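So the sequence shown is numbered by the numbering used here: it starts at 156 and just counts up by one.
Ideal Cβ positions, reconstructed from N, Cα and C, are used throughout, including at glycine.
Quick caveat, the model's predicted, so the values are computed rather than measured.
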Amino acid sequence: MNRKSAGRGLAFVQFADTVTSRFAKKGVGMGNRLNPDDLPVADGRVYHLDLAPEELARHVIVVGDPDRVPVLAEAFLATREVDRFHRGFRTITGVTAETSQRVSFVTSGIGAPSTEIVLNELAALNEVDFTTMTRREQWQPLTLVRLGTSGGLNPATPVGTLVLTDYVVGLDNTALYYDIPLPDEACALLEERVRSIMTGAELPGARFAGRIAPYAARSDRGLLASLTAAAGTLGLPWIRGLTISSAGFFAEQGRGVARVGTTHVNLLDALEHLASPWPGFELQNMEMEAGFFLHFLGGLGYRAAAVCVVINQRTSGVFMADYRRQVLDGARLILRAFKECETV
Numbered sequence: 156m157n158r159k160s161a162g163r164g165l166a167f168v169q170f171a172d173t174v175t176s177r178f179a180k181k182g183v184g185m186g187n188r189l190n191p192d193d194l195p196v197a198d199g200r201v202y203h204l205d206l207a208p209e210e211l212a213r214h215v216i217v218v219g220d221p222d223r224v225p226v227l228a229e230a231f232l233a234t235r236e237v238d239r240f241h242r243g244f245r246t247i248t249g250v251t252a253e254t255s256q257r258v259s260f261v262t263s264g265i266g267a268p269s270t271e272i273v274l275n276e277l278a279a280l281n282e283v284d285f286t287t288m289t290r291r292e293q294w295q296p297l298t299l300v301r302l303g304t305s306g307g308l309n310p311a312t313p314v315g316t317l318v319l320t321d322y323v324v325g326l327d328n329t330a331l332y333y334d335i336p337l338p339d340e341a342c343a344l345l346e347e348r349v350r351s352i353m354t355g356a357e358l359p360g361a362r363f364a365g366r367i368a369p370y371a372a373r374s375d376r377g378l379l380a381s382l383t384a385a386a387g388t389l390g391l392p393w394i395r396g397l398t399i400s401s402a403g404f405f406a407e408q409g410r411g412v413a414r415v416g417t418t419h420v421n422l423l424d425a426l427e428h429l430a431s432p433w434p435g436f437e438l439q440n441m442e443m444e445a446g447f448f449l450h451f452l453g454g455l456g457y458r459a460a461a462v463c464v465v466i467n468q469r470t471s472g473v474f475m476a477d478y479r480r481q482v483l484d485g486a487r488l489i490l491r492a493f494k495e496c497e498t499v
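See the structure below:
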């Protein structure tokens with residue numbers, strides 16, 4: 156190494172030490188003070204959601220579309236105490252008519268980057284004292300379920316089915332910025348298998364070949380059991396299975412619309428042949444938020460799960476244009492599962 160490159164190396168080490176020291180002093184641990192640039196708060200409310208801590212319920216249903224929030228509130232809430240719409244995020248908190256629970260319906264937006272913003276603010280609302288801007292010494296974990304729509308990858312699963320995500324494989328890179336340990340060996344196996352499939356589908360000479368790292372996460376076991384029981388009790392069409400969480404809607408899901416090349420060829424077809432690590436346990440659907448949702452919230456120790464309606468079959472091209480009833484069914488079973496979790 157010459158003197159010039161050695162100097163650069165020393166400068167990088169000094170820069171890395173500075174960054175490490177800076178983050179060590181920030182609000183990573185309990186009781187540490189958070190800086191305003193870490194968690195923007197205005198008038199006692201988080202910046203994007205425009206919510207104060209007392210306006211968030213302990214049980215949260217997260218949906219992608221902000222217009223879906225008032226639909227759910229109208230269908231299930233007896234009373235409303237909060238109705239906030241800011242920067243594209245709608246939140247309504249109230250008490251349910253059937254189960255008398257305090258619940259928040261919250262928008263995540265589309266995709267992992269938007270979901271990352273929302274979940275960080277929800278966790279801050281639950282854990283941070285906004286008066287002192289320090290993390291509380293104690294707090295109770297939230298219970299959150301993503302309720303969404305998805306594309307079906309299993310030809311045997313008809314549209315209209317509710318998929319209760321058991322495990323998920325994320326293809327986005329947002330989650331990779333959060334160093335969360337593997338939940339179990341099944342996640343490690345899924346990551347290995349999907350990585351192999353993606354390598355096999357790469358186009359020779361593609362600029363980003365080998366740079367997309369799949370990660371796996373899982374739903375909370377207790378919450379998933381409550382959802383499964385609720386779906387059975389309500390007599391809804393449902394199935395548990397594996398979910399692929401895509402980084403986007405077009406090239407990432409095999410839609411060749413743009414006039415530019417892709418890193419993979421027929422990736423969706425390749426993923427559909429993902430061999431299940433467990434007998435009778437198959438890949439069911441693809442969506443865009445469950446990967447980060449379960450990875451991040453699992454790392455926090457919160458109870459989290461995902462329920463998505465299959466609204467189209469990617470293998471046959473069948474599409475369900477009106478899925479309002481199925482989404483309401485999904486919310487109904489989630490609320491029933493919330494009630495059961497309160498007694499566990």
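Check, Outcome
"Contacts around Ala372, its chain only, beta-carbon distance under 6 Å, and the 5 residues preceding and following it disregarded", "Val323, Leu449, His450, Gly453"
"Whether Val217 touches Val261 by CB criterion (7 Å)", "yes"
"Cross-strand partners of Tyr478 (DSSP beta bridge)", "In the DSSP output, where bridge partners are listed per residue, Tyr478 has none listed."
"Own chain partners of Ala430 with C-beta closer than 8 Å, once the 5 adjacent residues on each side are dropped", "Arg348"
"Residues sharing a beta bridge with Glu442, DSSP", "Ser400"
"Where Glu253 falls: helix, strand or coil (DSSP)", "coil"
"For Met353 and Ser400, believed in contact at Cβ under 8 Å, the rounded distance", "About 14 Å; that fails the 8 Å criterion."
"Sequence-distant residues of the same chain with beta carbon closer than 7 Å to Asp284, five excluded per side", "Arg291"
"Extent of the continuous beta strand (DSSP E) run through Phe240", "232-241"
"Any beta strand (DSSP E) of 3 or more consecutive residues that is wholly inside the region 347-409", "370-373, 393-400"
"Inter-residue spacing [alpha-carbon to alpha-carbon] between Arg223 and His241", "15 Å"
"Presumed contact (8 Å Cβ cut-off) between Thr298 and Arg458, rounded CB distance", "4 Å"
"Boundaries (first-last residue) of the beta strand (DSSP E) holding Ile466", "458-468"
"Residues of its chain near Gly249, where Cβ-Cβ distance is below 8 Å and the 5 sequence neighbours each way are ignored", "Ala228, Leu232, Ala233, Thr234, Arg235, Glu236, Val237, Arg257, Val258"
"At least three beta-carbon pairs within less than 8 Å, the region 477-485 to the region 461-468", "yes"
"Phe285, DSSP secondary structure in three states", "coil"
"Spatially closest choice to Tyr370 from Asp339, Arg362, Leu391, by CA coordinates", "Asp339"
"Continuous alpha helix (DSSP H) stretch holding Asp321: start and end", "Asp321 -> not in any alpha helix (DSSP H); beta strand (DSSP E) instead, spanning 317-325."
"CB of Pro208 within 7 Å of CB of Leu280, strictly", "yes"
"Where the alpha helix (DSSP H) through Arg426 begins and ends", "The sequence as given places Leu at residue 426; Arg does not occur at that position. Note, Leu426: alpha helix (DSSP H), 422-427."
"Residues bridged to Ser305 [DSSP beta-bridge criterion]", "Val465"
"Given Asp205 as reference, the closest of Ile247, Leu189, Arg213, Asn309 once Cα atoms are compared", "Ile247"
"For Val217, the first and last residue of its enclosing beta strand (DSSP E)", "214-218"
"C-beta contact flag for Thr304 and Ser374 at 7 Å", "no"
"Environment of Gln481 [buried if 16+ CB atoms lie within 10 Å]", "buried"
"Close beta carbons around Val471, own chain, < 7 Å, minus the five adjacent residues each side", "The sequence given here has Ser at residue 471, not Val. Excluding positions up to five away in sequence, the list reads Pro310."
"Residue from Arg301, Gly306, Asp198, Asp193 whose Cα sits closest to the Cα of Thr404", "Sequence inspection shows Phe at residue 404; the Thr mentioned does not correspond to that position. The shortest Cα separation from Phe404 among Arg301, Gly306, Asp198, Asp193 belongs to Gly306."
"Alpha-carbon spacing of Val415 relative to Asn328, whole angstroms", "21 Å"
"Residues near Phe363 in its chain [Cβ-Cβ closer than 8 Å; skip 5 each side]", "Thr418"
"Exposure of Leu397, with buried meaning 16 or more beta-carbon neighbours within 10 Å", "buried"
"Euclidean distance between Cα positions of Ala386 and Pro359", "45 Å"
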